[in-house]
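> Before I ask anything, here is the structure I am working with.
2 protein chains.
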Amino acid sequence: MDTPQLCPRFEKAMSIMSQRWTGLVIYQLLNGPQRFCNIESAIGISGRVLSDRLKDLETEGIIKRDVFPETPVRIEYSLTDKGLALQPLMKEIEKWSQDWLQI
Amino acid sequence: MDTPQLCPRFEKAMSIMSQRWTGLVIYQLLNGPQRFCNIESAIGISGRVLSDRLKDLETEGIIKRDVFPETPVRIEYSLTDKGLALQPLMKEIEKWSQDWLQI
DNA sequence: TATAGTTACTTACTTTATGTAAGTAATTAT
DNA sequence: ATAATTACTTACATAAAGTAAGTAACTATA
Numbered sequence: 237m238d239t240p241q242l243c244p245r246f247e248k249a250m251s252i253m254s255q256r257w258t259g260l261v262i263y264q265l266l267n268g269p270q271r272f273c274n275i276e277s278a279i280g281i282s283g284r285v286l287s288d289r290l291k292d293l294e295t296e297g298i299i300k301r302d303v304f305p306e307t308p309v310r311i312e313y314s315l316t317d318k319g320l321a322l323q324p325l326m327k328e329i330e331k332w333s334q335d336w337l338q339i
Numbered sequence: 237m238d239t240p241q242l243c244p245r246f247e248k249a250m251s252i253m254s255q256r257w258t259g260l261v262i263y264q265l266l267n268g269p270q271r272f273c274n275i276e277s278a279i280g281i282s283g284r285v286l287s288d289r290l291k292d293l294e295t296e297g298i299i300k301r302d303v304f305p306e307t308p309v310r311i312e313y314s315l316t317d318k319g320l321a322l323q324p325l326m327k328e329i330e331k332w333s334q335d336w337l338q339i
């Protein structure tokens, strides 16, 4: 038929956002920089998958990882500008969920 | 730590949108009602998974399924109001992808 | 009449992703 | 010497997704 072809950039964005946990990790980091174990307990993701997701998101330039050589070592994850730019999208998801989902 | 707890409605919205293919199926249906094989070829999803997704989305009230007893039978999928309400969200993904992703 | 074509699926099987639980490294506290 | 802490990794089990073939219902063609 004659539906327009998918824009590769849009497709990429979708593939990032439609990966399990990615959205919640970003949403959680909108609360500010935080550590691995905090993200883990806040959203209920397993450490194994969180480790994968943080690596992927860092590779995509959406989050950054800062190491503070304290004891025990403190590692903070935070959103880059690219990651912060996802806030309006998160707001839309919030809005839709408020308007259309029951508890 | 002291990050706020996740809103169950937001979490539900995220679980819908972060399932693989769901976003693209909805995006595709923003072009108007269309048939199974059209969605399939437009976004490159396998029939097996598309079948699952369409059932899930119908259960969620995001799409509806209309049967036209022609030959061969025509079955059209389209967005409900709840599904159409996801358009602003799709626009945000488009915008972000334009602003932050390279080709 | 037999064969092929069409759409919308389903089924069986393989591969990939995710969940669970235990383990590791580096350091400090007890 | 043992336990505690954080940020992971590893090994293994289960769930989700991909691939390809099959099915049902009907029509068109040879």
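Protein sequence lines correspond, in order, to chains L and W.
Residue 237 is where the first sequence starts when you use this note's numbering, and the numbers rise one by one after that.
Residue 237 is where the second sequence starts when you use this note's numbering, and the numbers rise one by one after that.
Just so you know, even glycine gets a beta-carbon here, dropped at the ideal spot from N, CA and C.
(1) For Arg-271(W), which residues in the same chain have their Cβ closer than 8 Å to its Cβ, ignoring the five residues on either side in sequence?
(2) What are the start and end residues of each continuous beta strand (DSSP E) run of 3 or more residues lying completely inside the segment 241 to 283 of chain W, in chain order?
(3) Quick one: grab the DSSP three-state call for Leu-315(L).
(4) Less than 7 Å separating the Cβ of Pro-324(W) from some heavy atom of the ligand FMN?
(5) Going by other Cβ atoms of all chains shown within 10 Å of its Cβ, with 16 needed for buried, is Gln-241(W) buried or exposed?
(6) According to DSSP, is Ile-329(L) part of a helix, a strand, or is it coil?
(7) So, for Leu-260(W): in the same chain, excluding its five sequence neighbours on each side, which residues have a beta-carbon less than 8 Å away from its beta-carbon?
(8) For Lys-318(W), tell me which candidate among Glu-294(W), Glu-328(W), Met-250(W) has the shortest Cα-Cα distance.
(9) Who are the neighbours of Thr-295(W) on chain L, taking C-beta pairs under 7 Å?
(10) Taking the beta strand (DSSP E) that Val-303(L) falls in, what are its first and last residues?
(11) Quick one: is Arg-289(W) near chain L, going by C-beta distance under 8 Å?
(12) Per DSSP, what are the beta-bridge partners of Arg-310(L) in this structure?
(13) Using a Cβ cut-off of 8 Å, pull out every chain L residue sitting near Leu-325(W), in sequence order please.
(14) Compute the Euclidean distance between the alpha carbons of Ile-275(W) and Gln-264(W), then round it to the nearest angstrom.
(15) Expressed to the nearest angstrom, what Euclidean distance is found between the alpha-carbon atoms of Trp-332(L) and Ile-298(W)?
(16) To the nearest angstrom, how far is it from the Cα of Leu-322(L) to the Cα of Val-285(W)?
(17) Look up Gln-338(W) in the DSSP assignment and say whether it is helix, strand or coil.
(18) Just to confirm my understanding: we take Pro-324(W), look at its own chain, exclude 5 residues before and 5 after, and list those with CB closer than 6 Å. What are they?
(19) Between Leu-320(W) and Pro-269(L), what straight-line distance do the alpha-carbon atoms span, to the nearest angstrom?
(20) Of all the options Arg-245(W), Pro-244(W), Thr-258(W), which has the alpha carbon lying nearest to the alpha carbon of Ser-287(W)?
(21) What is the rounded straight-line gap between the Cα of Met-250(W) and the Cα of Gln-338(W)?
The structure says:
(1) Arg-310, Ile-311, Glu-312, Tyr-313
(2) none
(3) strand
(4) Ligands are entirely absent from the displayed structure, and the ligand FMN is therefore not among its contents.
(5) exposed
(6) helix
(7) Ile-279, Ile-281
(8) Glu-294(W)
(9) Simply none; closest approach about 13 Å.
(10) 299 to 304
(11) no
(12) Phe-304(L)
(13) Leu-325, Glu-328, Ile-329, Trp-332
(14) 7 Å
(15) 12 Å
(16) 28 Å
(17) coil
(18) none
(19) 34 Å
(20) Thr-258(W)
(21) 25 Å
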